[in-house]
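Heads up: the structure comes next, in C-alpha cells.
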Amino acid sequence: MNTEQTEEQAQPDTQPAPGEVLKQAREKMGWSVRDVADRLRLRASVIEDLENNNPDMDQLATFTRGYLRSYAKLMQIDADQLLGNSNMDASSAATVQKMQSFSRKTRRQRSESRLMWLSWVIIAIAVGITGVWYWQNQQAMTSVPTQMDNEQTNEIVTTPSEQDRAIIAADSQVAADAMVAEPTDTDTPADPGAMSDTASESENVVPDVSTDLTDSEANNEASVQDDAEVEAPRVSSEAQTTVSAPENRLVMTFSGDCWIDVRDANGERLATGIKAEGEQVTLTGETPYQLVLGAPSVVKITFNGDNIDLDGYPTGQVARLRLPQ
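So our numbering is basically just the index in the sequence shown, starting at one, shifted up by 15.
If you want it as C-alpha cells, here you go:
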C-alpha cells in the first residue's frame with residue numbers, strides 16, 4: 016500500500032502540451048490541417064509545427080503566441096488557460112531574446128573591428144607619406160653639397176696662389192733689373208781711371224782712347240736705358256695687375272653652418288658646399304657674382320671692402336643675390 020502511494024507521489028503532474036490540446040480539438044471537430052490553415056490564413060506547415068509543439072525558431076515568440084491564441088479561439092478553447100499551463104512561450108521568448116542580444120553584440124563588435132582596422136590603415140598611410148616626404152627633402156638638401164665638396168677647396172685656393180705668383184714675379188723682375196744696373200754703374204767710374212793711366216803713357220794715344228771709351232760708355236748707357244725702358248712698362252703692368260687683383264674681391268664670414276653656391280659672370284662655380292661656423296671664404300673673379308645662401312642670417316659679406324646688407328632676407332629661407340647689384 017505504501018509502495019503504491021510512493022509511486023503516485025513520484026509521478027509528476029503531467030499536462031498535455033498546447034499543440035496536443037489543439038490537435039485533439041481539431042480532430043474532434045472533424046477539421047483537417049488545411050481547413051484550420053485556411054481559416055487562420057496561415058501556412059499548413061505552421062499549423063503542423065504548432066500542433067507538434069515545435070514553433071518556428073526564426074519567428075518571434077510574440078508571433079507564435081498569437082498563432083496559438085488564434086488557434087485556441089477557433090477551437091473555442093480558453094487561450095489564457097492553454098498558454099498558462101505551458102512554459103513554451105517563456106522558453107521561446109528567452110531563447111529568441113538571447114539570440115537577438117548575441118547577434119547585436121556580434122554585429123557591434125564586427126563594426127568596431129572594421130572601424131579600428133580602417134583607422135590603423137589610415138594612420139599607417141599618413142606615417143608612410145610623411146616618411147617619404149622627409150626622406151626626399153633630406154636627399155635634396157644633401158645630394159648637391161656632397162657631390163661638390165671637393166671642388167670648392169681647390170677653387171678657393173687657386174685665386175690666391177695666382178696673386179702670389181704675380182707678386183713674386185714682379186719682385187724678381189725688380190731685383191733682376193737692379194742687378195743689371197749695378198755693374199753698369201761700377202764700370203762707368205773705372206773707365207776714367209783707365210783713361211788717365213793711358214794718358215800718362217802717351218799723349219798721342221789719349222784722344223783715341225778717350226774717344227773709344229766715350230763711345231763705349233754711351234753705348235752702355237743707351238743699352239741700360241733701353242733695358243730700363245723695356246722693363247719699366249713690364250713692372251708697371253705687373254704692379255697694375257697686382258693692384259687690380261683685389262678688385263671684385265668677395266669675402267664671406269660664417270657665424271654658423273651654411274650651404275653656399277657662388278658662380279662668376281661666366282657661370283663657373285667659384286665655391287659650393289657647407290661652411291662651418293668661424294670659416295671665412297675669399298673669392299675673386301669676373302662679376303657679376305651669383306650667390307645662393309642656405310642660411311643668410313649667419314653670413315657676413317663684404318664686396319670690395321663694402322658690407323652687404325642681408326637683413327632683408329627672411330630667416331630660415333634660401334637667399335639668392337647678385338653682386339654687384
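C-beta: ideal position from N, C-alpha, C; glycine also.
As a quick exercise: from the options, pick the residue whose alpha carbon is nearest that of residue i.
i	options	result
Lys-315	Phe-78, Phe-269 and Ser-60	Phe-269
Thr-302	Leu-336, Asp-326, Gln-124 and Gly-327	Leu-336
Ser-312	Gln-305, Val-296, Gln-332 and Tyr-304	Gln-332
Asn-281	Gln-340, Gln-305 and Arg-125	Gln-305
Ile-323	Asp-272, Val-266 and Arg-122	Val-266
Cys-273	Phe-78, Gly-327, Ala-334 and Trp-46	Ala-334
Pro-329	Pro-339, Lys-120 and Leu-308	Leu-308
Pro-339	Asp-95, Glu-262 and Trp-46	Glu-262
Would you list the one or two residues that DSSP bridges to residue i?
i	result
Gln-295	Thr-268
Phe-318	Leu-265 and Asp-321
Trp-274	Ile-289
Arg-335	Val-307
Arg-284	Arg-278
Verify the CB distance criterion: does residue i have a CB-CB separation below 7 Å to chain D?
i	result
Ile-144	Looking at the structure shown, chain D is missing, and only one protein chain is on hand.
Could you pull out every residue in the same chain whose Cβ sits closer than 6 Å to the Cβ of residue i, ignoring the five residues on either side in sequence?
i	result
Arg-264	Thr-299 and Asn-319
Arg-278	Arg-284 and Gln-305
Excluding the 5 residues preceding and the 5 following residue i in the sequence, name in chain order all residues of the same chain whose CB lies nearer than 7 Å to its CB.
i	result
Leu-55	Ser-85, Tyr-86 and Leu-89
Gly-143	none
Trp-135	none
Gly-271	Glu-292, Ala-310 and Val-313
Thr-201	In this predicted model, Thr-201 has a pLDDT of only 42, less than 50, meaning its place in the structure is not dependable; the value taken from the coordinates is given anyway. Here the set comprises nothing.
Spatial neighbours of residue i within its chain, please: CB distance less than 8 Å, with the 5 preceding and 5 following residues excluded, ordered by chain position.
i	result
Arg-49	Ala-59
Glu-63	Val-48
Q.
Three or more C-beta pairs under 8 Å: does that hold for the stretch 27-44 against the stretch 86-102?
A. yes
Quick check: the stretch 316-326 against the stretch 282-299, are at least 3 beta-carbon pairs closer than 8 Å?
no
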